[in-house]
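Everything below concerns the one structure shown next.
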Ligand SMILES: Cc1ncc(COP(=O)(O)O)c(C=O)c1O
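Residue numbers (the UniProt record's numbering): 1 to 436.
Printed below as a string of structure tokens:
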């Protein structure tokens, strides 16, 4: 069954998360500050104190194209590993865009269309979010303009094609279309881009247009809220209590979507799983970033968000998991991490692709590069169970397929893939430019 409501974890937390601040006044932002960027319904959801938010019928109607999504037991992977652990994965790759991203793209497009918006702008890393929003805009008659991080634009031409099929306009970011992009290109003509830069470009264009708004694919509370359909379904589908829940984190939305309903049950004392976020070693905001107020974008257009950050102008190395190349992290998850509600680890890309190939050869699904991080950690956990003899129940989010990422798999298979060392000086240098 598709859930009838999204779950908002904020009222269940022991302490509320710190508010976003206006960069000039340093006071909490109000609805009026956000109105040039988002429709009122989403602004309301961003600060909502309601535990449950009803999913509109128009949104459910589109969700029915791929929801409910399957929860599968990875028996052949278990057997290949020789582990007593039971591994379950919630597969979101059956959506039209191939990932969990349409779970929020659809309601975002719906609320914007209902409030008379003509066009949505956005950024995309891997191209998953851009194609999800392009799909959703097509469903509700909106125009869509996407800034795609240069590294992914070059690595994933067919993601661009998919967005164009849905009717979107796609630019490589940094672009000369915006002042923010042109400024970056003036300093670094060969810039591979970052999500932070692409966000600046999309926000700049949305802010300048009367009937144009901006849509974000992760990080914000309303995005995490929409993704809780994943966890609500999994909670109903999983016939036993999980011991470990593992998800990858870029801005945190698929991880939050899976774990928030389970955390509700944990807070109520009904289950007690260990919950673990996995981030790329090349962009480790939880494990090597600081918890501080920072901009969500590179140019400094967004409100100041209290989050785990590597610094708003940190440009991660061009790993193939483009969706995980974000300098910051969801403020809500950052707050919950500080409260000790889950743990975080990092993994480098070669071991992740190794896990992705192992998964494909046993379970048959080729994972997107982002969830291979969760799979690498899941396999490691299952092998620890093999050592200890524990039959733990492990649940993970397989949040997208990798059919547009085969060039990256080719690089891995031919031995040409590289791991990037991230020297502390690079992090320190970007952190030195945090807003005071
Ligand atoms: C398939 C996939 N997984 C994960 C992510 C990371 O985002 P989030 O942490 O918000 O789930 C992305 C982002 O583009 C993605 O495309």
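We put the beta carbon where it would ideally sit given N, CA and C, even for glycine.
query, result
"Start and end of the beta strand (DSSP E) containing residue 395?", "393-398"
"Classify residue 176: buried if its beta carbon has 16 or more other beta carbons within 10 angstroms, exposed otherwise.", "exposed"
"Tell me the DSSP secondary structure of residue 75 in three-state form.", "helix"
"In whole angstroms, what separates the C-alpha of residue 249 from that of residue 117?", "30 angstroms"
"Tell me whether residue 112, by its Cβ, gets closer than 6 angstroms to a heavy atom of ligand 1.", "no"
"Are there any heavy atoms of ligand 1 lying less than 6 angstroms away from the beta-carbon of residue 254, as far as the coordinates show?", "yes"
"Please name the residue in 90, 199, 64 and 334 whose C-alpha comes closest to that of residue 130.", "199"
"In angstroms, rounded to a whole number, what distance separates the CA positions of residue 19 and residue 28?", "6 angstroms"
"Would residue 329 and residue 257 be called neighbours here (beta carbons separated by less than 7 angstroms)?", "no"
"In chain order, which continuous runs of the beta strand (DSSP E) of length 3 or greater are located wholly inside the segment 133-174?", "143-149 and 169-173"
"Can the beta-carbon of residue 138 be found less than 7 angstroms from the beta-carbon of residue 166?", "yes"
"For ligand 1, any of its heavy atoms closer than 6 angstroms to the Cβ of residue 218?", "yes"
"With respect to the alpha helix (DSSP H) encompassing residue 61, which residues constitute its N-terminal and C-terminal limits?", "57-63"
"Just how far apart, CA to CA, sit residue 409 and residue 31?", "44 angstroms"
"In whole angstroms, what separates the C-alpha of residue 437 from that of residue 368?", "Given a span of 1 to 436 for the chain in the structure shown, any question on residue 437 remains unanswerable."
"What would DSSP say about residue 246, mapped onto helix, strand or coil?", "strand"
"Are the beta-carbon atoms of residue 335 and residue 310 separated by less than 7 angstroms?", "no"
"Provide the residue(s) that pair with residue 213 in DSSP beta bridges, ordered along the chain.", "120"
"For residue 96, tell me which candidate among 364, 62 and 17 has the shortest Cα-Cα distance.", "62"
"Exposed or buried, which one is residue 201 when buried takes at least 16 other CB atoms within 10 Å?", "buried"
"What does the Cβ neighbour count give for residue 269, buried or exposed, with the cut at 16 atoms within 10 Å?", "exposed"
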